[in-house]
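Only one structure is covered here, and it is reproduced in the block below.
Chains as they are written, first to last, in the working numbering: chain A, 291 to 435; chain B, 46 to 203.
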């Protein structure tokens, strides 16, 4: 794959209209591999990270079969807003079933996103003004077209 | 004319099967506990260390008996989940690069307690990552103990 699973999942969530690309205006930008902070970055934001994959055997042809680890990390100024937002992202991924996603002229199919944890409230972000953090973790099956 | 057949040894067979079940259950429990301890060890190799509280709070606990054993590998430090889930925070090699200046200019003992080179492999997801990457080894440990149990059953006195 030429794109990371986290990037593909972020494109899927953008396509669903739940988040926006960082370059676009709108609420809840989604970043891949980080959750930046600064005057230009809104407090309400989502990070989509790659985590350890699970290698689950291989097919007869010899290719290993991976379930890729993906984490959603969400930051919000209000606890309930953050919780309901990550719940909607989790719900959207739970419903993903053989969904085609176009990423930079390449096509991928998200066969399944299996939630490995519930929504984990991480409390208030250290050193900031009462911003709340939440995470949710998945193992995803992605097929390259 | 009806023929009567008497089967003997049913009680012995049932007793041997019960004993085999107990032996195999114990073997599986042993395997699960050993796998848990192995996972804890692998996690300890990459857990972020600042003062050592998080690393020292690790443990492995087996509850239940025989086939119904549950093994939990855990960290009891209050902030363990926070460190585990914050994948955007720099640990290990990343930390050393990000804070190279602070580490280089730390001269007093108080400064050196905060700014020192971290172990290169320290990272968030210090429990989830080895649970996935070490899965083949964890299964090998459990099946190894199960096979030992089967051999014990095979060697059981008649």
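Note that beta-carbon positions come from the ideal geometry of N, C-alpha and C, so glycine has one too.
- Look at residue 432(A) here: in three-state DSSP terms it is strand.
- A Cβ-Cβ distance of about 6 Å is found for the pair residue 76(B) and residue 191(B), placing them in contact under the 8 Å criterion.
- Inclusion of residue 302(A) and residue 400(A) in the CB contact set at 8 Å is warranted, their separation being smaller than that value.
- DSSP places residue 48(B) outside any beta strand (DSSP E), giving it a letter other than H or E.
- Inclusion of residue 299(A) and residue 430(A) in the CB contact set at 8 Å is warranted, their separation being smaller than that value.
- The beta carbon of residue 435(A) sits closer than 6 Å to the beta carbons of 397 from its chain, once the five residues preceding and following it are set aside; these are given in chain order.
- For residue 177(B), the C-beta contacts it makes with chain A under 9 Å involve 341, 342, 343, 344, 345, 357, 359 and 429, in order along the chain.
- Within chain B, no C-beta atom comes less than 9 Å from the C-beta of residue 303(A); the nearest is roughly 17 Å away.
- Residue 338(A) has a beta carbon lying at 8 Å or more from every beta carbon in chain B.
- Burial check for residue 338(A): the Cβ neighbour count within 10 Å reaches 16 or more, so the residue is buried.
- Closer than 8 Å to the CB of residue 413(A) there is at least one CB belonging to chain B.
- The segment 134-154 of chain B and the segment 180-196 of chain B do not touch, with fewer than 3 CB-CB distances between them shorter than 8 Å.
- Straight-line measurement puts the Cα of residue 108(B) at about 22 Å from the Cα of residue 406(A).
- Around residue 60(B), the same chain offers no residue with a beta carbon nearer than 6 Å, after the five sequence neighbours per side are excluded.
- Within chain A, no residue has its beta carbon less than 9 Å from that of residue 115(B); the closest one is some 17 Å off.
- In this structure residue 170(B) touches residue 341(A) by the C-beta definition: roughly 5 Å separates them, less than 8 Å.
- For residue 188(B), no Cβ of chain A is located within less than 8 Å of the residue's own Cβ.
- Spanning the alpha carbons of residue 328(A) and residue 319(A) requires a straight line of approximately 14 Å.
- Under the three-state reduction of DSSP, residue 396(A) is assigned to strand.
- The beta carbon of residue 296(A) is closer than 7 Å to those of 322, 323, 338, 339, 340 and 360 in its chain, skipping five residues each way along the sequence.
- Under the Cβ criterion (8 Å, minimum of three pairs), the segment 138-152 of chain B counts as touching the segment 160-177 of chain B.
- Rounded to the nearest angstrom, the Cβ distance from residue 127(B) to residue 412(A) is 5 Å, consistent with a contact under 8 Å.
- Its chain contains 98, 99 and 102 as the residues whose beta carbon lies nearer than 7 Å to that of residue 122(B), once the 5 sequence neighbours on both sides are disregarded; these appear in chain order.
- Going by beta carbons, residue 105(B) and residue 70(B) fall outside the 8 Å limit.
- In this structure, residue 173(B) sits away from residue 84(B), with a CB-CB distance that is not shorter than 8 Å.
- Nearest Cα to residue 308(A) within the set 391(A), 423(A), 344(A) and 382(A): 382(A).
- Contact note: residue 363(A) reaches chain B through 130, 131, 132 and 133, using a C-beta cutoff of 8 Å and chain order.
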